[in-house]
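Quick note, the sequences are listed as chains W and R, same order.
When we follow the working numbering, the leftmost residue of the first sequence carries the number 433, and every step to the right adds one.
When we follow the working numbering, the leftmost residue of the second sequence carries the number 433, and every step to the right adds one.
In what follows, a single structure is set out as structure tokens and then discussed.
2 protein chains.
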Amino acid sequence: MGLQLTRGGEYAVRAMTYLARFPEGHVASLRDIGRAQDIPESFLAKILQSLVRSGLAVSQRGAHGGFALARPAAGVTMRDIIEAVDGPIALNQCVLWPEDCSRSGDCELHKAWQRAQAQLMDVLDSVTLRTLAPQPVA
Amino acid sequence: MGLQLTRGGEYAVRAMTYLARFPEGHVASLRDIGRAQDIPESFLAKILQSLVRSGLAVSQRGAHGGFALARPAAGVTMRDIIEAVDGPIALNQCVLWPEDCSRSGDCELHKAWQRAQAQLMDVLDSVTLRTLAPQPVA
DNA sequence: AGGAGACCGGACAGAAAAGGTCCTGTTGAA
DNA sequence: TTCAACAGGACCTTTTCTGTCCGGTCTCCT
Ligand code: SF4
Ligand code: SF4
Chain W
433 MGLQLTRGGE YAVRAMTYLA RFPEGHVASL RDIGRAQDIP ESFLAKILQS
483 LVRSGLAVSQ RGAHGGFALA RPAAGVTMRD IIEAVDGPIA LNQCVLWPED
533 CSRSGDCELH KAWQRAQAQL MDVLDSVTLR TLAPQPVA
Chain R
433 MGLQLTRGGE YAVRAMTYLA RFPEGHVASL RDIGRAQDIP ESFLAKILQS
483 LVRSGLAVSQ RGAHGGFALA RPAAGVTMRD IIEAVDGPIA LNQCVLWPED
533 CSRSGDCELH KAWQRAQAQL MDVLDSVTLR TLAPQPVA
């Protein structure tokens, strides 16, 4: 393989999409999210921690605690979520860190990867949680 | 990380691009390619084997042997090369094997990944070895 | 005040993939 | 015949992925 989304990334988007289905501010517990989205709960705990640390979600501790979106669904993109849990997206190392490759100065391949990355980001930046969960349930 | 080209994929494109810089049919040895492109030779051996098995390169055994492109440079794309060594490209599992995910029937996220994949393939299919190595050296 | 419910944080661990290495065999041209 | 060069497979090390576990902490509810 190679060049594929991690399980963690997929889970993160699914979890956030689930939260976006509720009215703004609604809190759902780890257990609820895991059950609803078929995500192992102890793994999901780690993923949600990343999302909280990245400021995409907020957590409520104690009884009746859980997680909620930190901002309106329309303002959170697929890219935001994936980068929060998997780190920066770079189809090839040199796209984000050109200094790592001595050839990057005049490399046609480099330019190709930059175009590919730009096209990918176009999609990832344009899809928000509102796109993924259009109608909040009452 | 996650979602990044493998080292093997990068090496493969570099090796093929090197071959494309010579007149059609020119044979270069493993050693030559490895030295010119800074690729560990024993690893490169494996990569070239994959390329030969996939029909993108041909090999010549015995003294003065080596590797050459199997077809004109303009007919070999980035995608061909990467898929030959890393297997099929799928930004998310469900893009190529939707039956693996029970949700794939009506999943907005799935559609998003399909768009992203299509954009990526547009670039990868449009870049050929002729693009990467415009002028064969005499 | 005292549970009980729920997240926090870090250590740990098994499995898989990435990234190579090595060795023995086979080929083919000089 | 010799020897340069590829073929193929076994093996190895390191890193990343995909989780698990547990003690600690916080907060609501009674
Ligand atoms: S694409 Fe070019 S610049 Fe980027 S890593 Fe490969 S050789 Fe270096
Ligand atoms: S994007 Fe949708 S279809 Fe694809 S794996 Fe995730 S949930 Fe399944």
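Ideal Cβ positions, reconstructed from N, Cα and C, are used throughout, including at glycine.
What you are looking at is a predicted structure, and each value in this text was computed from that prediction instead of being measured.
Neighbour list for residue i in chain W, Cβ cutoff strictly below 9 Å
{"i": "R:Thr449", "result": "Glu540, Leu541"}
For residue i, three-class secondary structure by DSSP
{"i": "R:Val490", "result": "strand"}
{"i": "R:Leu501", "result": "strand"}
{"i": "R:Ala565", "result": "coil"}
{"i": "W:Thr449", "result": "helix"}
{"i": "W:Ala468", "result": "helix"}
{"i": "W:Ala495", "result": "coil"}
{"i": "R:Ala444", "result": "helix"}
{"i": "W:Ala522", "result": "coil"}
Proximal residues of chain R, C-beta to C-beta of residue i below 7 Å
{"i": "W:Ile521", "result": "Leu435"}
{"i": "W:Cys442", "result": "According to the sequence provided, residue 442 of chain W is Glu. The question's Cys does not apply to it. Ordered by position in chain R, the residues that pass the 7 Å Cβ test against W:Glu442 are Asn524."}
{"i": "W:Leu552", "result": "Ala548, Gln551, Leu552"}
Per-residue contacts from residue i into chain W (C-beta, under 8 Å)
{"i": "R:Arg547", "result": "Val555"}
{"i": "R:Leu564", "result": "Glu540, Leu541, Ala544"}
{"i": "R:Val459", "result": "Correct list: empty, because the minimum Cβ distance to chain W is about 23 Å."}
{"i": "R:Asp518", "result": "Met433, Gly434, Leu435"}
Candidates the options, of which the one nearest residue i by Cα
{"i": "R:Val445", "options": "W:Ile479, W:Leu564, W:Cys539, W:Phe454", "result": "W:Cys539"}
{"i": "R:Thr438", "options": "W:Ala522, W:Ala544, W:His458, W:Asp557", "result": "W:Ala522"}
{"i": "R:Arg503", "options": "R:Val459, R:Asn524, R:Pro530, R:Gln549", "result": "R:Val459"}
{"i": "W:Gly498", "options": "W:Met510, W:Glu473, W:Gly519, W:Pro520", "result": "W:Glu473"}
{"i": "W:Asp518", "options": "W:Glu442, W:Cys533, W:Met433", "result": "W:Glu442"}
{"i": "W:Pro455", "options": "W:Asp532, W:His542, W:Leu501", "result": "W:Leu501"}
{"i": "R:Leu541", "options": "W:Asp557, W:His542, W:Ala548", "result": "W:Asp557"}
{"i": "W:Leu564", "options": "W:Arg453, W:Ser491, W:Met433", "result": "W:Arg453"}
{"i": "R:Ala495", "options": "R:Gln567, R:Leu552, R:Leu462, R:Lys543", "result": "R:Leu462"}
{"i": "W:Gly487", "options": "W:Met553, W:Ala544, W:Trp529, W:Ala516", "result": "W:Ala516"}
{"i": "W:Pro566", "options": "W:Tyr450, W:Met433, W:Gly434", "result": "W:Tyr450"}
{"i": "W:Gly457", "options": "W:Met433, W:Ala489, W:Gly434", "result": "W:Ala489"}
Unbroken alpha helix (DSSP H) run spanning residue i, endpoints
{"i": "W:Phe475", "result": "473-485"}
{"i": "R:Met433", "result": "That residue, R:Met433, is in no alpha helix (DSSP H); it is neither H nor E in DSSP."}
{"i": "R:Asp557", "result": "540-558"}
Neighbourhood of residue i by C-beta distance below 7 Å, restricted to the same chain and skipping five residues each side
{"i": "R:Ala447", "result": "Ile465, Gln469, Ile471, Leu476, Ile479, Leu480"}
{"i": "W:Asp532", "result": "Gln525, Cys526"}
{"i": "W:Met510", "result": "Val445, Leu556, Val559"}
{"i": "R:Gln546", "result": "Val527"}
{"i": "R:Gly440", "result": "Ile479, Val517, Asp518"}
{"i": "R:Pro520", "result": "Leu528"}
Residues of its chain near residue i, where Cβ-Cβ distance is below 6 Å and the 5 sequence neighbours each way are ignored
{"i": "W:Ile513", "result": "Ala444, Val445, Met448"}
{"i": "W:Val484", "result": "Ser491"}
{"i": "W:Arg562", "result": "Ala505, Ala506"}
{"i": "R:Ser482", "result": "Ala516, Val517"}
Contacts of residue i in chain W (Cβ-Cβ under 7 Å)
{"i": "R:Val559", "result": "Ala544"}
{"i": "R:Tyr438", "result": "Note that residue 438 of chain R is Thr in the sequence shown, not Tyr. Per Cβ cutoff of 7 Å: Gly434."}
{"i": "R:Val445", "result": "Leu541"}
Under 8 Å by beta carbon: chain R residues contacting residue i
{"i": "W:Asp464", "result": "Within 8 Å Cβ-Cβ: nothing; W:Asp464 doesn't reach chain R, min ~18 Å."}
Residues near residue i in its chain [Cβ-Cβ closer than 8 Å; skip 5 each side]
{"i": "R:Trp529", "result": "Ala522"}
{"i": "R:Ala548", "result": "Leu523"}
{"i": "W:Met553", "result": "Arg511, Ile521"}
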